[in-house]
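Asker: Sharing a structure with you now.
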Amino acid sequence: MSFGLASKLRAKLANAHPDHRRIAKGAAWVSLFVLMGKSAGAFKEMAIAYRYGVSGIVDAYQLSFTLATWIPSMLVTVLSTVLIPVLVRMRNDDTDTLANFIGELRGLAWLVGLAIANVLVFASPVVIAYVGGPLPEHTRSLAMQFIVGMSPLVPLTLLMCIDAARLQARERHINTLLEAVPAAVLFFVVILSTSSSIKPLYMAVTLGLALQVYLLSMFARRADKVRAPIRFGFSSPQWRAMAHSIGVMLISQAILACIVPIDQYMATREGAGAVATLGYANRLIALLMGLGASAIGRATLPVLTQTIRNGERERARSMAIKWAYVMFGIGAVAACVASFAAPLIVRVLFQRGAFTAVDTEHVAVLLRWFTLQLAPAFATLVLMQMAASEGRYRSIAFITCAGFVAKVAANFAFTPMLGLAALPVGTAVMAGVVFVLYLFSIHENEEEDMEQEHAA
0 MSFGLASKLR AKLANAHPDH RRIAKGAAWV SLFVLMGKSA GAFKEMAIAY
50 RYGVSGIVDA YQLSFTLATW IPSMLVTVLS TVLIPVLVRM RNDDTDTLAN
100 FIGELRGLAW LVGLAIANVL VFASPVVIAY VGGPLPEHTR SLAMQFIVGM
150 SPLVPLTLLM CIDAARLQAR ERHINTLLEA VPAAVLFFVV ILSTSSSIKP
200 LYMAVTLGLA LQVYLLSMFA RRADKVRAPI RFGFSSPQWR AMAHSIGVML
250 ISQAILACIV PIDQYMATRE GAGAVATLGY ANRLIALLMG LGASAIGRAT
300 LPVLTQTIRN GERERARSMA IKWAYVMFGI GAVAACVASF AAPLIVRVLF
350 QRGAFTAVDT EHVAVLLRWF TLQLAPAFAT LVLMQMAASE GRYRSIAFIT
400 CAGFVAKVAA NFAFTPMLGL AALPVGTAVM AGVVFVLYLF SIHENEEEDM
450 EQEHAA
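Per numbering that gives the first Met the number 0: the sequence shown = residues 0 to 455.
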């Protein structure tokens, strides 16, 4: 029976449109690379759990890493969403035009990254005192040291995004595999280091990302045959087309990027170890999100953009909706399996050394709540990529803001009843609201296009 089902699936895939096969192939490769990358991340978390448990060092590390990367992460999301369609449309442009544009992007990334890093370092005492107020003084002191040590992550993260977008625009997904490099470096440093200082920890994070940036640059150069040294200026004609889109997306992502700091701020109110517990659960759900949502999102964006560029907008929308429903089903199955296996997953990955059975129970309970977001989140990534392919950045911004409001409202509404579990419940509410709004938005745009055709 299973053989017959497999034969039917193979036959259906063989008869599918080539674009569906491109998406399926891309998603399969990205999922494989995500699994390898997240496995490296899991080994890193195992090493940290073994070495530090849920101690103040882990609280300080989680808090400072979030503060050091939340603005760059916001900018990366904006750049990826806007830049990949632009690079897809530039595939047939001459090499000099592309090199000039990428070089100017790199120059801007350096300047913005260095500016943010310096502001972060100088503002860290005030920020840590406010965000980490309930934490012990020693933990806050460690967090400030971590922020100074990890400040180079800001410009490196922005540079990483540019070359990753170059690879995705060419439907090369090696960038996903290279995301394992920082985790692998940190794993070996934590395992091999005998120092009680936190210096090896933040140095490993920085050096790992620097190595990833170097490798991404090398592979991107091979993919598009473009050497793009850093340039300063805005002479490329692509800036004018991107400026409005980036501005709209920045507003929405600036709001959305506040979610992680807000969650960690609320977690600090739940007592010592809560930030670390939230961090471990977040990393496990990130593995599942990467295998599903990130994989399909990265696979669909260049394909949908190219389809629309070829004048087949309706077919692109049909593809997006079909894949969204498929991913919703996959997400629902993944949520059930992960919820059932949560205690086993946490025990196998983390329960050793300073990480106790009680810690396992706490993280497993939180992980189960996190799985509620999987089905709508998997589907949403496809619909969001469709909106980005069409250049509907205002719709993306509106839906993002609506999701953020739902998330914060749910956090405050459920915290008195659920405590720390209110944070993943709030994320699930946000995912559901965003999914419904994207579906409504796509159907509304279909009706508008039909009315315009009839009017013409």
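Backbone N, C-alpha and C define an ideal beta-carbon position, used for all residues, glycine too.
#1: State the CB to CB distance for the pair valine 212 and isoleucine 101, rounded to an integer number of angstroms; the pair is presumed to be in contact (CB under 8 Å).
#2: So, are the CB atoms of glycine 402 and serine 244 less than 8 Å apart?
#3: Within the continuous alpha helix (DSSP H) that includes aspartate 358, where are the two ends?
#4: Compare the Cα-Cα distances from glutamate 458 to each of Leu214, Gly148, Ser192, Met202 and report the closest residue.
#5: Using a Cβ-Cβ cut-off of 8 Å (strictly less than) and excluding sequence neighbours within five positions of serine 308, which residues of its own chain qualify?
#6: Rounded to whole angstroms, what's the CA-CA distance from cysteine 482 to leucine 255? Just pull it up for me.
#7: Would you kindly check if the distance between the Cβ of alanine 378 and the Cβ of valine 247 is under 8 Å?
#8: Under DSSP, the alpha helix (DSSP H) around arginine 230 begins and ends at which residues?
#9: Taking contact to mean 3 or more Cβ pairs, one atom from each stretch, closer than 8 Å, check whether the region 73 to 87 and the region 261 to 269 are in contact.
#10: For phenylalanine 231, which residues of its own chain have a beta-carbon under 6 Å away from its beta-carbon, when the five flanking residues on both sides are left out?
#11: Compute the distance between the beta-carbons of serine 473 and leucine 303, then report whether it is under 8 Å.
#12: Which of helix, strand or coil does DSSP assign to arginine 169?
#13: Determine whether the beta carbon atoms of isoleucine 261 and valine 407 lie at a separation below 8 Å.
#14: Rounded to the nearest angstrom, what separates arginine 47 and histidine 137 at their Cα positions?
#15: Can you list, in chain order, the residues of its chain with a C-beta nearer than 8 Å to that of glycine 112? Leave out the 5 residues immediately preceding and following it.
#16: For leucine 371 and alanine 427, which I take to be in contact (beta-carbon distance under 8 Å), what is that distance rounded to the nearest angstrom?
#17: Beta-carbon separation of leucine 141 and alanine 273 under 8 Å?
#18: Are the C-beta atoms of threonine 414 and some chain D residue less than 8 Å apart?
#19: Among Phe413, Leu373, Pro415, Val118, which one has its Cα closest to the Cα of alanine 430?
#20: On a CA-only basis, which of Val77, Val120, Ser317 is nearest leucine 483? Give me that one, please.
#21: So the candidates are Arg50, Ser251, Ala242, Val259; which of them puts its Cα closest to the Cα of leucine 191?
#22: Would you kindly check if the distance between the Cβ of glutamine 263 and the Cβ of threonine 414 is under 8 Å?
#23: Report all residues from its chain with a CB closer than 7 Å to the CB of proline 124; omit the five preceding and five following residues, and keep chain order.
#24: What does the Cβ neighbour count give for arginine 221, buried or exposed, with the cut at 16 atoms within 10 Å?
#25: Might you give, ordered along the chain, the residues of its own chain that have their beta carbon closer than 8 Å to the beta carbon of threonine 205, omitting 5 neighbours on each side?
#26: When you compare each of Ala319, Arg169, Lys37 to alanine 386 by their alpha carbons, which one comes out closest?
#27: Taking the beta carbon of threonine 299 as the centre, do at least 16 other beta carbons fall within 10 Å, making it buried, or is it exposed?
#28: What alpha helix (DSSP H) runs, 4 residues minimum, are completely inside the region 247 to 333?
#29: At the level of alpha carbons, what is the spacing between serine 234 and leucine 62?
#30: Exposed or buried, which one is glutamate 443 when buried takes at least 16 other CB atoms within 10 Å?
#31: What's the C-alpha gap between isoleucine 528 and serine 338?
#32: Pull up the distance between the alpha-carbon of alanine 275 and that of aspartate 358, whole angstroms please.
Answerer: So, to answer that:
#1: In the sequence shown, counting from the first residue as 1, residue 212 sits at position 213. In the sequence shown, counting from the first residue as 1, residue 101 sits at position 102. About 14 Å; that fails the 8 Å criterion.
#2: Numbered from its first residue, the sequence shown carries residue 402 at position 403. Numbered from its first residue, the sequence shown carries residue 244 at position 245. Not closer than 8 Å, so no.
#3: Numbered from its first residue, the sequence shown carries residue 358 at position 359. From DSSP, the alpha helix (DSSP H) with aspartate 358 extends over 356 to 369.
#4: Given that the chain is displayed from residue 0 to residue 455, the structure contains no residue 458 and the question cannot be resolved.
#5: Here residue 308 refers to the residue found at position 309 when the sequence shown is read from its first residue. The amino acid at residue 308 is misidentified as serine; the sequence shows arginine. Taken in chain order, the residues that qualify are Val87, Arg88.
#6: Lying before the first or after the last residue shown, residue 482 is absent from the chain, which here runs from 0 to 455.
#7: What you label residue 247 is simply residue 248 of the sequence shown in a count that begins at 1. What you label residue 378 is simply residue 379 of the sequence shown in a count that begins at 1. It is not a contact, given that the beta carbons lie outside the stated cut-off.
#8: Within the sequence shown, the letter at position 231 stands for residue 230. For arginine 230, no alpha helix (DSSP H) run applies, since DSSP gives it neither H nor E.
#9: The region 73 to 87 makes no contact with the region 261 to 269; the number of CB pairs closer than 8 Å stays below 3.
#10: Translated into positions along the sequence shown, residue 231 becomes position 232. The residues are Gly106.
#11: Here the chain has residues from 0 to 455 only, and residue 473 is not among them.
#12: Residue numbering aside, residue 169 sits at position 170 when the sequence shown is read from its first letter. Coil.
#13: To locate residue 261, count along the sequence shown from 1; it is residue 262. To locate residue 407, count along the sequence shown from 1; it is residue 408. Yes, the Cβ-Cβ distance between isoleucine 261 and valine 407 is below 8 Å.
#14: Locating residue 47 in the sequence shown gives position 48, counting from the first residue. Locating residue 137 in the sequence shown gives position 138, counting from the first residue. For the record, residue 47 in the displayed sequence is isoleucine; it is not arginine. The alpha-carbon of isoleucine 47 is positioned some 19 Å away from that of histidine 137.
#15: What you label residue 112 is simply residue 113 of the sequence shown in a count that begins at 1. Excluding residues up to 5 positions away in sequence, Pro71, Val153, Pro154, Leu155, Thr156, Leu157, Leu158 lie with their Cβ nearer than 8 Å to the Cβ of glycine 112 in the same chain.
#16: Position 372 of the sequence shown holds residue 371. Position 428 of the sequence shown holds residue 427. Indeed, because the Cβ distance is near 4 Å, the residues count as touching under 8 Å.
#17: Locating residue 141 in the sequence shown gives position 142, where the first residue counts as 1. Locating residue 273 in the sequence shown gives position 274, where the first residue counts as 1. No, Cβ-Cβ distance for leucine 141 and alanine 273 is not below 8 Å.
#18: No chain D appears in the structure shown, which is made up of a single protein chain.
#19: Residue numbering aside, residue 430 sits at position 431 when the sequence shown is read from its first letter. Nearest of Phe413, Leu373, Pro415, Val118 to alanine 430, Cα basis: Leu373.
#20: Residue coverage of the chain in this structure runs from 0 to 455, which leaves residue 483 outside it and unanswerable.
#21: As a position in the sequence shown, residue 191 is number 192, starting the count at 1. Leucine 191 has its Cα closest to that of Arg50, out of Arg50, Ser251, Ala242, Val259.
#22: Locating residue 414 in the sequence shown gives position 415, counting from the first residue. Locating residue 263 in the sequence shown gives position 264, counting from the first residue. At a Cβ-Cβ threshold of 8 Å, threonine 414 and glutamine 263 do not count as neighbours.
#23: Taking the sequence shown and counting its residues from 1, one reaches residue 124 at position 125. Excluding the 5 residues flanking it on each side, proline 124 has same chain C-beta neighbours closer than 7 Å at Met143, in chain order.
#24: Counting from one through the sequence shown, the residue named residue 221 turns up at place 222. It counts as exposed.
#25: The residue given as residue 205 occupies position 206 in the sequence shown. Gly148, Met149, Pro151, Leu152, Leu155.
#26: Counting from one through the sequence shown, the residue named residue 386 turns up at place 387. Check the Cα spacing between alanine 386 and each of Ala319, Arg169, Lys37: the tightest is with Ala319.
#27: As a working mapping, residue 299 is identified with position 300 in the sequence shown. Under this definition threonine 299 is a buried residue.
#28: For the region 247 to 333, whole alpha helix (DSSP H) runs of length 4 or above, ordered along the chain, are 258 to 267, 273 to 288, 294 to 308.
#29: The residue you call residue 234 lines up with position 235 of the sequence shown. The residue you call residue 62 lines up with position 63 of the sequence shown. Using only the alpha carbons, I get a separation of about 39 Å.
#30: In the sequence shown, the residue the question calls residue 443 occupies position 444. By the neighbour-count rule (16 or more Cβ atoms within 10 Å), glutamate 443 is not buried but exposed.
#31: An answer regarding residue 528 cannot be provided, because it is not within the stretch 0 to 455 covered by the chain.
#32: Reading the sequence shown from its first residue, position 276 is the one you call residue 275. Reading the sequence shown from its first residue, position 359 is the one you call residue 358. A direct Cα-to-Cα measurement between alanine 275 and aspartate 358 gives close to 10 Å.
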